[in-house]
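Quick note on numbering: full-length UniProt numbering labels position 41 of the sequence shown as 41, and the sequence is numbered without any gaps.
Using N, Cα and C, we set each Cβ at its ideal position, and we do this for glycine too.
Data first, discussion second: the structure below is written as structure tokens.
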Amino acid sequence: MKIQTALFSMIGLLATISAHATIMQQSSENEITKVVYACKDKNTLDVIFVNTDKDSYAIINQVDEMIPMKNVKSASGAVYKPINPNYDYELATKGNTATLLANDKPIIEECTLE
């Protein structure tokens, strides 16, 4: 039930974000940022990052679905894994770069901020 509630909350946030500017502040502790990465083979990767005082999240659009992801521990950079365990994506970011993996294989790679 918690996962379903979190998923619906993230979808609601995404709808609100798409109607606003690229970067906006909700409060001094919470930040919502939309970024667009330019990737290999002329792909783009749109990501909405939601940072709260407790956790960090990323929302991606893959195969015409919005997929909310939560930050997990990483030795270097940031790694996000889907909240819904039925998805096998991983978003790895470090500095201005990102890679999207599925089943541990890169599907969108060599991404840098536009």
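- Query: Do Thr-112 and Ala-38 come within 7 angstroms of each other at the CB atom, strictly closer than that value?
  - Reply: Numbered from 1 along the sequence shown, position 38 holds the residue referred to as residue 38. Numbered from 1 along the sequence shown, position 112 holds the residue referred to as residue 112. Yes.
- Query: Mapping DSSP to helix, strand and coil, what is Asp-41?
  - Reply: Here residue 41 refers to the residue found at position 41 of the sequence shown. It is helical.
- Query: By Cβ distance, which residues of its chain are closer than 7 angstroms to Asn-61, with the 5 residues on each side in sequence left out?
  - Reply: Start at 1 with the first residue of the sequence shown, and residue 61 comes out as number 61. Cβ neighbours of Asn-61 beyond the five flanking positions: Asp-46.
- Message: Do Ala-102 and Tyr-89 have their beta-carbon atoms positioned less than 7 angstroms apart in this structure?
- Response: Counting from 1 along the sequence shown, the entry for residue 89 is found at position 89. Counting from 1 along the sequence shown, the entry for residue 102 is found at position 102. For Tyr-89 and Ala-102, yes; Cβs fall inside 7 angstroms.
- Message: Is the separation between the beta-carbon of Ile-48 and that of Pro-68 shorter than 7 angstroms?
- Response: Here residue 48 refers to the residue found at position 48 when the sequence shown is read from its first residue. Here residue 68 refers to the residue found at position 68 when the sequence shown is read from its first residue. No, they are not a contact pair.
- Can you give me the Cβ contacts of Asp-55 inside the same chain, cut-off strictly under 7 angstroms, excluding the 5 residues immediately before and after it? On the sequence shown, residue 55 is found 55 positions in, with the first residue counted as 1. Within the same chain, Asp-55 has close Cβ partners Lys-70 and Asn-71.
- Determine the extent of the beta strand (DSSP E) in which Val-63 is found, giving its start and end residues. Translated into the one-based positions of the sequence shown, residue 63 becomes position 63. Where Val-63 is concerned, there is no enclosing beta strand (DSSP E), given that its DSSP letter is neither H nor E.
- Item | Identity of the residues DSSP links to Ser-56 by a beta bridge | Here residue 56 corresponds to residue number 56 of the sequence shown, with the count starting at 1. Paired residue(s): Asn-51.
- Message: In the DSSP assignment, the beta strand (DSSP E) including Lys-73 goes from what residue to what residue?
- Response: For the purposes of this step, residue 73 is identified with residue 73 of the sequence shown, where counting begins at 1. Lys-73 -> no beta strand (DSSP E), and no H or E assigned at all.
- Message: Given this structure, state the Cα-to-Cα distance separating Thr-33 from Asn-96, to the nearest angstrom.
- Response: Numbered from its first residue, the sequence shown carries residue 33 at position 33. Numbered from its first residue, the sequence shown carries residue 96 at position 96. Using only the alpha carbons, I get a separation of about 14 angstroms.
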